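Taking it in order: structure first as structure tokens, then the write-up.
In this note's numbering, the protein residues as written are 338 to 541.
Encoded structure:
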């Protein structure tokens, strides 16, 4: 019976955790009330949701988390439907600060996490109401740069560095192949020499 050996992963180190503004439940409430007002047939639900929606939005606020590790940005959200995302740092292209009319009114801002995939840039997740959003964004991007351009990402950065990076990687692999070929030729030469000696001994 063949048993596969489990792959051991290096534990990740938590570098920073985002803190969310206490006014965020109010933002969620106003956002929902605005949506109910736009759809005219749901306008009668506005006063009901104004009273019953507050506890739900409070739980929505408490369920939010964003943790930066040495390899990824981990985001959790949702109450009825829990969503957990682990976004590799080397896939993040930018963290964009956004401010809608309701956010500006409350003195809040949002962060849209943009990632590279399938040759295009897409929005992977959004963090609303992060305290010191600019500082958190800079911290994430700094760790992203350390991964991509630092020791942990040297091999990946070389391949992503255009023709020069690929030529360096190709030269390295070519040198390794040359060494391997030389070793094989040496073994063949030694084997032929042993065979020649054995044949010479038999003739003698």
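Positions of the beta carbon are idealized from the N, C-alpha and C atoms, including for glycine. Computed from a predicted structure; not experimentally measured.
Take residue 383, set aside five residues on each side of it, and the residues of its chain with a beta-carbon closer than 7 Å to its own are 370, 373 and 374, in chain order. For residue 374, no beta strand (DSSP E) segment is defined; the enclosing uninterrupted segment is the alpha helix (DSSP H) at 361-375.
In terms of Cβ geometry, residue 426 and residue 364 do not form a close pair [threshold 9 Å].
Taken in chain order, the unbroken stretches of alpha helix (DSSP H) that lie wholly in the region 395-451 and span 4 residues or more are 438-443. According to DSSP, residue 357 shares a beta bridge with 467. Residue 409 is a Cβ neighbour of residue 349, given a cutoff of 9 Å. Excluding five sequence positions before and after residue 416, the CB atoms of its chain that fall closer than 7 Å to its own CB belong to 393, 396, 397 and 400, given in chain order. By the neighbour-count criterion, in which 16 or more other beta carbons inside 10 Å mark a residue as buried, residue 463 falls on the exposed side. In this structure, residue 434 lies near residue 474, with their beta-carbon atoms less than 9 Å apart. Rounded to the nearest angstrom, the gap between the Cα atoms of residue 362 and residue 443 is 11 Å. Linking residue 351 to residue 405 through their CA atoms gives a straight-line distance of about 6 Å. Taking all protein chains shown into account, residue 440 has 16 or more neighbouring C-beta atoms within 10 Å of its C-beta and is therefore buried.
Around the beta-carbon of residue 390, 16 or more other beta-carbon atoms lie within 10 Å, marking it buried. Residues 373 and 374 of the same chain have their beta carbon placed closer than 7 Å to that of residue 380, with the five preceding and five following residues left out of the count.
Counting the other Cβ atoms within 10 Å of the Cβ of residue 482 gives fewer than 16, which makes it exposed. Excluding five sequence positions before and after residue 423, the CB atoms of its chain that fall closer than 6 Å to its own CB belong to 409 and 411, given in chain order. Separation of the CB atoms of residue 432 and residue 478 is rounded to 6 Å, and the pair is thereby assigned contact status at 8 Å.
The Cβ-Cβ distance between residue 465 and residue 447 falls below 9 Å.
Residue 461 sits close to residue 428, with the two beta carbons spaced by under 9 Å.
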